[in-house]
Every structure is written in C-alpha cells, then in structure tokens.
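Peer 1: Dropping the structure in here first, questions after.
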Amino acid sequence: MSYRQSNVSVGKFDSQTQQWTDIGAAGAVDCDALTLSTFNIWFKPYFADERYRAITELLSRISPDVMVFQEVTPAAVTAFLAQPWIRERYLRAVVAGGAHGNYGMLMLSRLPINRATYTPLPTRAARGFLSAEFTINGRPQVIGSIHLDSGRSSWWLRAWQLRRISRVLRRFPDVVLLGDFNMRDTENHRIGAGYRDLWPVLRPQDDGYTEDTSINLMRFDSKTEHRQVRFDRVLLKGSRWSPAGIDLLGTQPISDAQPRVFPSDHFGVHCHLTRSTDTKGQHDGGNR
1 MSYRQSNVSV GKFDSQTQQW TDIGAAGAVD CDALTLSTFN IWFKPYFADE RYRAITELLS
61 RISPDVMVFQ EVTPAAVTAF LAQPWIRERY LRAVVAGGAH GNYGMLMLSR LPINRATYTP
121 LPTRAARGFL SAEFTINGRP QVIGSIHLDS GRSSWWLRAW QLRRISRVLR RFPDVVLLGD
181 FNMRDTENHR IGAGYRDLWP VLRPQDDGYT EDTSINLMRF DSKTEHRQVR FDRVLLKGSR
241 WSPAGIDLLG TQPISDAQPR VFPSDHFGVH CHLTRSTDTK GQHDGGNR
C-alpha cells in the first residue's frame with residue numbers, strides 16, 4: 001500500500017446549479033475563537049437515516065467552525081451534504097467509497113480552506129488521515145481528522161500511525177487533531193511531543209468516555225459487552241490557541257420512541273478554543 005499524500009478537492013455548493021463544485025484556495029480569515037467537532041458516525045445501516053438526521057440536527061444547533069466525521073460511507077456523504085444549512089454555510093472535503101470501504105472521512109468547514117490532503121496510514125482496515133490547511137490570523141493552521149486502527153492488540157499499529165502523522169505535520173507549529181484515536185489511556189504516552197490532549201486538560205475529574213455502554217444502549221446491543229473508553233479526542237499543538245471548553249455530543253437517544261437508538265455507537269466531541277492573549281498583537285486584522 002502506498003502512503004503517499006494526495007490532494008483532496010475542496011467543494012462549495014452552487015445554488016444556481018444545485019451541485020457541489022470544486023474550488024481553489026479559498027483565502028484567509030481572522031478570528032478570536034475556533035469551535036470544532038468530531039463524530040464517528042458508525043457505518044452500520046442500523047437506523048442510519050434516522051441517526052444521520054439526529055447528528056445533523058444536533059450539529060446545526062451549535063454550527064461548529066470545522067466538523068470532521070469518521071466511518072463515512074457514500075450514503076452518509078449524500079445524507080450530510082443534502083442538508084440545507086450545510087450547503088449554505090460550509091465547504092466540504094471528502095474521501096469515501098472505493099478503497100476506503102466503510103472508513104471514509106468528511107470535513108466540513110465554515111472557514112476558507114487553502115488545501116486539503118489525505119494520507120493513507122499503515123493499517124489493517126483502510127485507515128487514514130484527512131487534513132486541511134488554513135490561514136488564520138495571518139498564520140498557517142492545520143486541522144486534521146484521524147481514525148486509527150482498533151483493538152487492544154493493535155497498539156503497536158496505532159503508535160506507528162501516530163508517528164507517521166507527526167512526521168507529516170512536523171513543519172506546522174499550529175495543529176489541531178481530532179477524531180477516533182481508538183486509544184486507551186494506557187497508550188497516552190504515545191501522543192507526540194508538543195500535543196495536548198484537551199479533555200483531561202479541561203475536565204480532569206471527568207472520564208469523558210466516548211463509548212459508554214452504561215448510557216449508550218445501542219452500543220451494548222450491538223456488541224453485547226460492557227465498555228467505557230475515551231477513544232474520541234481533540235489534540236492541540238502550538239501556543240496560538242487556548243482550550244476554553246469541551247463537551248460530549250449525542251449522549252441521548254434519537255427519540256422517545258427509540259430509546260435504545262443513539263446517534264452513533266460513539267459520542268461526539270465538541271471543543272472551543274480561544275486565541276491566546278500573547279498572539280493577539282502579532283497580526284492586525286478584524287474579527288470574523
């Protein structure tokens with residue numbers, strides 16, 4: 001398998017043609033805060049349409065600047081990109097179908113994207129890394145979606161994958177990585193130097209489980225085993241942003257009529273970053 005990084009088209013919805021159209025580099029933006037969300041949406045067809053609708057309704061209420069999704073199938077791409085609020089406000093970068101199998105990725109951004117790339121990872125299950133380059137407050141910024149291999153015995157493969165991602169991004173001082181790391185806390189020492197895991201930074205007394213069968217009965221029904229793990233994470237590298245808040249998403253059933261059906265077998269994670277005070281004077285410009 002080739003691990004060569006490839007460009008991913010960035011698209012914008014054209015209301016005239018009613019189609020998503022590829023665009024070039026989108027430019028720069030100034031802002032004092034960033035909001036980001038990640039969701040492994042579960043590729044299983046089990047109540048898929050209802051679950052995707054619940055996820056998009058949930059996210060429409062908070063409208064993050066950047067959203068990333070894992071386990072994205074072509075059907076999921078169609079469902080998400082059909083949402084009017086996504087068409088009106090977001091750019092899209094997507095890798096799904098074909099060799100990606102059930103492990104496609106989707107990134108949606110309200111911020112202008114200058115370049116998007118996909119890097120295949122050493123994997124047993126078509127895992128990869130979707131990243132986007134931005135210019136924010138006059139400086140380069142990378143935001144990347146991660147989905148690492150699963151299973152306790154794959155710890156060595158996840159370590160290899162993290163090393164590869166760190167090498168790909170080593171020239172960028174400011175990076176946010178978010179997604180499904182499939183890591184248990186016993187693997188935390190494998191997180192690259194310079195990266196902060198924001199859940200324990202912001203909520204050290206809260207376990208923050210993103211797979212929790214004591215709450216998510218759909219997850220228990222699917223696997224018939226109890227599990228409480230914090231697979232889904234947000235990592236921050238650099239000093240330009242300060243973590244300000246972090247929460248779980250999708251912790252309730254999709255409806256009273258379906259109390260054992262949740263938006264996904266994972267909970268999502270939503271994070272709020274603010275511009276560090278020591279960087280605010282380094283670039284002149286207005287707020288987004």
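In the UniProt record's numbering, the protein residues as written are 1 to 288.
Where a beta carbon is used, it is the ideal one built from N, C-alpha and C, also for glycine.
When you compare only the Cα positions, how much space is there between S239 and T17?
Peer 2: Along the sequence shown, one-based indexing puts residue 239 at 239. Along the sequence shown, one-based indexing puts residue 17 at 17. Between S239 and T17, the C-alpha separation is close to 42 angstroms.
Peer 1: Give the straight-line distance between the Cα atoms of I246 and Y209, rounded to the nearest whole angstrom.
Peer 2: What you label residue 246 is simply residue 246 of the sequence shown in a count that begins at 1. What you label residue 209 is simply residue 209 of the sequence shown in a count that begins at 1. If I take the Cα positions, the gap works out to 13 angstroms.
Peer 1: Would DSSP call V269 helix, strand or coil?
Peer 2: By 1-based counting over the sequence shown, the position of residue 269 is 269. Strand, per DSSP.
Peer 1: Taking R127 and H147 to be in contact with their CB atoms under 8 angstroms, please state how far apart those CB atoms are, rounded to whole angstroms.
Peer 2: As a position in the sequence shown, residue 127 is number 127, starting the count at 1. As a position in the sequence shown, residue 147 is number 147, starting the count at 1. With a Cβ gap of about 5 angstroms, R127 and H147 count as contacting.
Peer 1: Could you pull out every residue in the same chain whose Cβ sits closer than 8 angstroms to the Cβ of Q228, ignoring the five residues on either side in sequence?
Peer 2: What you label residue 228 is simply residue 228 of the sequence shown in a count that begins at 1. D207, Y209, E211, D212, T213 and S214.
Peer 1: Can you tell me which of G138, K237, Q252 and Y195 puts its alpha carbon nearest to the alpha carbon of D30?
Peer 2: Position 30 of the sequence shown, counting from 1, holds the residue named residue 30. Closest by C-alpha distance to D30, out of G138, K237, Q252 and Y195, is G138.
Peer 1: Starting from E71 and walking both ways along the beta strand (DSSP E), at which residues does that stretch end?
Peer 2: Taking the sequence shown and counting its residues from 1, the one referred to as residue 71 is at position 71. Unbroken beta strand (DSSP E) run through E71: V66 to V72.
Peer 1: For R92 versus W20, is the C-beta distance shorter than 8 angstroms?
Peer 2: Here residue 92 refers to the residue found at position 92 when the sequence shown is read from its first residue. Here residue 20 refers to the residue found at position 20 when the sequence shown is read from its first residue. Yes; because the gap between Cβ atoms is below 8 angstroms, this pair is in contact.
Peer 1: Quick check for students: name the residue ranges of the alpha helix (DSSP H) that lie wholly in the stretch 5 to 63, counting only runs of 4 or more.
Peer 2: Complete alpha helix (DSSP H) runs here, min 4: 48 to 62.
Peer 1: Out of A28, P45 and D65, point me to the one whose CA is closest to T38's CA.
Peer 2: Residue mapping note: residue 38 aligns to position 38 of the sequence shown, counting from 1. Looking at the Cα atoms, D65 is the closest of the given residues.
Peer 1: Do you know how far the Cα of D265 is from the Cα of K223?
Peer 2: Start at 1 with the first residue of the sequence shown, and residue 223 comes out as number 223. Start at 1 with the first residue of the sequence shown, and residue 265 comes out as number 265. If you take the alpha carbons of K223 and D265, they lie about 10 angstroms apart.
Peer 1: In chain order, what residues of the same chain have a beta carbon less than 8 angstroms from the beta carbon of G285, not counting five sequence neighbours either side?
Peer 2: Along the sequence shown, read from residue 1 onward, the residue named residue 285 stands at position 285. Low confidence applies here, because G285 scores a pLDDT of 42, under 50, leaving its location unreliable; read the following figure in that light. Taken in chain order, the residues that qualify are D30, N137 and G138.
Peer 1: Compute the Euclidean distance between the alpha carbons of W199 and R233, then round it to the nearest angstrom.
Peer 2: For the purposes of this step, residue 199 is taken as the residue at position 199 of the sequence shown. For the purposes of this step, residue 233 is taken as the residue at position 233 of the sequence shown. So the alpha carbons of these two residues sit roughly 7 angstroms apart.
Peer 1: Going by DSSP, name the residue or residues bridged to G97.
Peer 2: On the sequence shown, position 97 is the one that residue 97 refers to. Paired residues: none, contrary to the question.
Peer 1: Judging by CA-CA distance, which residue of R203, T35, Q258 and R275 is the nearest neighbour of S109?
Peer 2: Stepping through the sequence shown from its first residue, residue 109 is reached at position 109. S109 has its Cα closest to that of T35, out of R203, T35, Q258 and R275.
Peer 1: Looking at the secondary structure, which residues open and close the beta strand (DSSP E) in which R139 lies?
Peer 2: For the purposes of this step, residue 139 is taken as the residue at position 139 of the sequence shown. First-last of the beta strand (DSSP E) with R139: R139 to H147.
Peer 1: Which whole-angstrom value is the C-beta distance of F267 and P253, which I expect to be below 8 angstroms?
Peer 2: Your numbering for residue 267 matches position 267 in the sequence shown. Your numbering for residue 253 matches position 253 in the sequence shown. With 8 angstroms as the limit, F267 and P253 do not qualify as a contact, their Cβ atoms being about 12 angstroms apart.
Peer 1: Where does H226 land, buried or exposed, given buried means 16+ other C-beta within 10 angstroms?
Peer 2: The count along the sequence shown starts at 1 and reaches residue 226 at position 226. Under this definition H226 is an exposed residue.
Peer 1: So the candidates are Q161, V175 and F231; which of them puts its Cα closest to the Cα of L273?
Peer 2: Counted from its first residue, the sequence shown places residue 273 at position 273. With distances taken between Cα atoms, L273 lies closest to V175.
Peer 1: Identify every residue that forms a DSSP beta bridge with P120.
Peer 2: Working through the sequence shown from its first residue, we reach residue 120 at position 120. When beta bridges are read from the DSSP output, P120 appears opposite G128.
Peer 1: Which residues bound the beta strand (DSSP E) around R196?
Peer 2: As a first step, residue 196 must be located in the sequence shown, where it is residue number 196. If you look at R196, you'll find it in the beta strand (DSSP E) that goes Y195 to D197.
Peer 1: Could you check the C-alpha separation between V72 and Q83 for me, to the nearest Å?
Peer 2: For the purposes of this step, residue 72 is identified with residue 72 of the sequence shown, where counting begins at 1. For the purposes of this step, residue 83 is identified with residue 83 of the sequence shown, where counting begins at 1. For V72 and Q83, the distance between alpha carbons rounds to 16 angstroms.
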